[in-house]
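Chemist: Numbering (this note's numbering), first residue to last: 13 to 344.
Before I ask anything, let me first share the structure, which is written out below as structure tokens.
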């Protein structure tokens, strides 16, 4: 068996500027970090040598990878010319549709796993690029590029999306003191709602054709670099206030980004002492993130009445955690 674990991500600033509809006209940027919640994928030899079995939220057993219903598994298995006699299983710490980039975690983790199966080491940049190619170019998903890069690289990063499509990675290396403060000021709560990002992202892409929305997104990109400077300085209240302003901008980018229940929860959080916050991902459900002083964390949770997810920042990105040489396949 070969097993990989790939971290989920929290996007702080600049989300939406990683869509080609934006960065092809004006450079985009996203500030995000990964957390110690993971997508685990195991691939091992299957007893039935003429069959492929894939186990996720359902189980598929097929003779040909072209017959796999799960689009990501199908495309990655076809890329690697996978034959029979292999079984894939997936387990995740966090449900899909909650705004933490689960589909891209899956893609990056599966690529990492199958490269290991073929005894190959692949740089993080290539993993991210190939995951983008599969999800965006082959599967035509209406998504951006940030999730794939976050999953591959891990840690706190700024991803810069150039107009030619190339992505630059700038690591944000905080001092130990500021890093600890960063973790203690971030508070994450599950709204209990999950959603599909496609309709939200399609509307957002369409709305970016308007000058007003496009300029608003440019302001959100500029805030990425302001946020970086505030991070290094450990200015948490100012960072929270900047996040709040960006959340107000983001809600104007598409009609389904928020809803009355989320707006109400957000207001309760702000009244309880948070300096700012946002809904993770494209919108519509998932997790609410707040920047709040640690001494007000108890009040914040009581005011929200939502399940809190405790986490730590993860700094390694996708990696192989178990490797059995008997599972190496030299056919590719």
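Quick reminder that beta carbons are idealized off the backbone N, C-alpha and C, glycines included.
For residue 302 versus residue 111, is the C-beta spacing smaller than 7 angstroms?
Modeler: The sequence position of residue 302 within the chain shown is 290, counting from 1. The sequence position of residue 111 within the chain shown is 99, counting from 1. Cβ atoms of residue 302 and residue 111: not closer than 7 angstroms.
Chemist: So the alpha helix (DSSP H) residue 328 belongs to, where does it begin and stop?
Modeler: Here residue 328 is taken as the residue at index 316 of the chain shown, counted from 1. Run containing residue 328: none; DSSP gives neither H nor E here.
Chemist: Could you check if residue 44 is buried or exposed, using at least 16 other CB atoms within 10 Å of its CB as the buried criterion?
Modeler: Translated into the one-based positions of the chain shown, residue 44 becomes position 32. Counting Cβ neighbours within 10 Å, residue 44 comes out buried, since at least 16 surround it.
Chemist: Any chance you could list the alpha helix (DSSP H) runs of at least 4 consecutive residues sitting entirely within the segment 248-296, in chain order?
Modeler: With a minimum length of 4 residues, the continuous alpha helix (DSSP H) runs that stay inside the segment 248-296 are 248-263, 272-283.
Chemist: Quick check: residue 309 and residue 199, are their CB atoms within less than 7 angstroms of each other?
Modeler: Locating residue 309 in the chain shown gives position 297, counting from the first residue. Locating residue 199 in the chain shown gives position 187, counting from the first residue. Yes.
Chemist: Under 8 angstroms Cβ to Cβ from residue 344, same chain only, skipping five residues before and after it: list those, please.
Modeler: Reading the chain shown from its first residue, position 332 is the one you call residue 344. Note on residue 344: pLDDT 48, under 50, position unreliable in the model; the coordinate value appears next. Hits under 8 angstroms: 92, 93, 130.
Chemist: From residue 119 to residue 99, what does the alpha carbon distance come to, in whole angstroms?
Modeler: Position 107 of the chain shown holds residue 119. Position 87 of the chain shown holds residue 99. Their Cα atoms are separated by approximately 16 angstroms.
Chemist: On the three-pair Cβ rule with 8 angstroms, is the segment 44-55 touching the segment 101-117?
Modeler: Verdict: yes, contact present.
Chemist: Is the segment 176-194 touching the segment 233-247, taking contact as three or more C-beta pairs under 8 angstroms?
Modeler: Yes, since at least three Cβ pairs between the segment 176-194 and the segment 233-247 fall closer than 8 angstroms, the two stretches touch.
Chemist: Between the Cα of residue 263 and those of 139, 238, 290, spot the shortest distance and give me the residue it belongs to.
Modeler: Here residue 263 is taken as the residue at index 251 of the chain shown, counted from 1. The candidate whose alpha carbon is nearest that of residue 263 is 290.
Chemist: To the nearest angstrom, report how far apart residue 228 and residue 161 are at their CA atoms.
Modeler: Walking along the chain shown from the start, residue 228 turns up at place 216. Walking along the chain shown from the start, residue 161 turns up at place 149. Going by the C-alpha atoms only, they are around 24 angstroms apart.
Chemist: Determine the contact status of residue 25 and residue 239, defining contact as a CB-CB distance below 7 angstroms.
Modeler: Residue 25 sits at position 13 when you count from the first residue of the chain shown. Residue 239 sits at position 227 when you count from the first residue of the chain shown. Their beta carbons are under 7 angstroms apart, which means residue 25 touches residue 239 by this criterion.
Chemist: Of the residues 136, 177, 191, 46, which one's Cα is nearest the Cα of residue 32?
Modeler: Here residue 32 refers to the residue found at position 20 when the chain shown is read from its first residue. Answer by Cα proximity: 177.
Chemist: Tell me whether residue 202 sits in a helix, a strand or coil according to DSSP, three-state version.
Modeler: Mapped onto the chain shown, residue 202 falls at position 190. Residue 202 falls in the strand class under three-state DSSP.
Chemist: Using only alpha-carbon positions, find the residue among 316, 305, 321 that is nearest to residue 193.
Modeler: Within the chain shown, the letter at position 181 stands for residue 193. Of 316, 305, 321, the residue nearest in Cα terms is 305.
Chemist: Mapping DSSP to helix, strand and coil, what is residue 70?
Modeler: As a first step, residue 70 is located in the chain shown; it is residue number 58 there, counting from the start. Three-state result, residue 70: coil.
Chemist: Beta carbon of residue 16, beta carbon of residue 121: below 7 angstroms?
Modeler: For the purposes of this step, residue 16 is identified with residue 4 of the chain shown, where counting begins at 1. For the purposes of this step, residue 121 is identified with residue 109 of the chain shown, where counting begins at 1. Yes, they are a contact pair.
Chemist: Closer than 8 angstroms is the cut-off here; do at least three beta carbon pairs connect the segment 222-237 with the segment 257-272?
Modeler: A contact exists between the segment 222-237 and the segment 257-272.
Chemist: Helix, strand or coil: how does DSSP classify residue 344 here?
Modeler: In the chain shown, residue 344 corresponds to position 332, counting from 1. Reliability of the predicted coordinates at residue 344 is poor, the pLDDT of 48 falling under 50, and the value obtained from them is presented with this limitation in mind. Three-state DSSP puts residue 344 in coil, outside helix and strand.
Chemist: Going by CA-CA distance only, name the one from 144, 36, 125 that's closest to residue 337.
Modeler: If you number the chain shown from 1, residue 337 lands on position 325. Checked all of 144, 36, 125; the closest Cα to residue 337 is 125.
Chemist: Can you give me the Cβ contacts of residue 134 inside the same chain, cut-off strictly under 6 angstroms, excluding the 5 residues immediately before and after it?
Modeler: Position 122 of the chain shown, counting from 1, holds the residue named residue 134. Excluding residues within five positions, the ones whose Cβ falls inside 6 angstroms are 127.
Chemist: Identify the residues that DSSP records as bridge partners of residue 301: which are they?
Modeler: Translated into the one-based positions of the chain shown, residue 301 becomes position 289. The partner list for residue 301 (beta bridge, DSSP) reads 200, 290.
Chemist: With distances taken Cα to Cα, identify the nearest neighbour of residue 40 among 220, 250, 288.
Modeler: Taking the first residue of the chain shown as 1, we reach residue 40 at position 28. Ranking the options by Cα distance to residue 40, first place goes to 220.
Chemist: Using a 10 Å radius around the Cβ and a threshold of 16 neighbouring Cβ atoms, would you call residue 152 buried or exposed?
Modeler: Counted from its first residue, the chain shown places residue 152 at position 140. Residue 152 comes out exposed.
Chemist: Is the beta carbon of residue 312 sitting closer than 7 angstroms to the one on residue 288?
Modeler: Sequence index remark: in the chain shown, residue 312 carries index 300 (1-based). Sequence index remark: in the chain shown, residue 288 carries index 276 (1-based). No, the pair does not count as a contact, with Cβ atoms beyond the cut-off.
Chemist: Under three-state DSSP, which class holds residue 215?
Modeler: Your numbering for residue 215 matches position 203 in the chain shown. Residue 215 falls in the helix class under three-state DSSP.
Chemist: What residue from 201, 223, 172, 283 has the CA that sits closest to residue 297's CA?
Modeler: One-based indexing of the chain shown puts residue 297 at position 285. With distances taken between Cα atoms, residue 297 lies closest to 201.
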